[in-house]
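So the sequence shown is residues 2 to 76, counted in the working numbering. Here is the structure we will look at.
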Amino acid sequence: MGKRQVRIFRKDILLKKAELEGKTGHVIMADHVVHNGQILAVSDSQLELRDPRFNKHILEIGTIEEVVYDKETDY
2 MGKRQVRIFR KDILLKKAEL EGKTGHVIMA DHVVHNGQIL AVSDSQLELR DPRFNKHILE
62 IGTIEEVVYD KETDY
């Protein structure tokens, strides 16, 4: 099994809301801070993330640069 990185930029987050919820990945902020964890929910203005220590983070979509997660492929 191979893996491919999927990058979703700020302008596409709301369009790919269903695809993002439940995924584990990285949220890269505009100030270059990176949050790692599972995406719990995406609303019109916020993204809710649970990190590996089970802390919840509410991130404003306007401050997110991109979301990156791995997708397994058949090859």
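The beta carbon of each residue, even a glycine, is placed where N, CA and C say it ideally should be.
For residue i versus residue j, is the C-beta distance shorter than 8 Å?
i          : j            : result
arginine 5 : glutamate 67 : no
What residues are listed by DSSP as bridge partners for residue i?
i                : result
lysine 4         : Glu73
glutamate 61     : Gln47
phenylalanine 10 : Glu67
glycine 38       : Gly26
May I have the straight-line CA-CA distance separating residue i from residue j, to the nearest angstrom?
i             : j             : result
aspartate 45  : isoleucine 59 : 12 Å
threonine 25  : asparagine 56 : 14 Å
alanine 31    : isoleucine 14 : 14 Å
arginine 54   : threonine 64  : 23 Å
glycine 38    : lysine 18     : 16 Å
lysine 72     : valine 7      : 7 Å
isoleucine 40 : valine 28     : 9 Å
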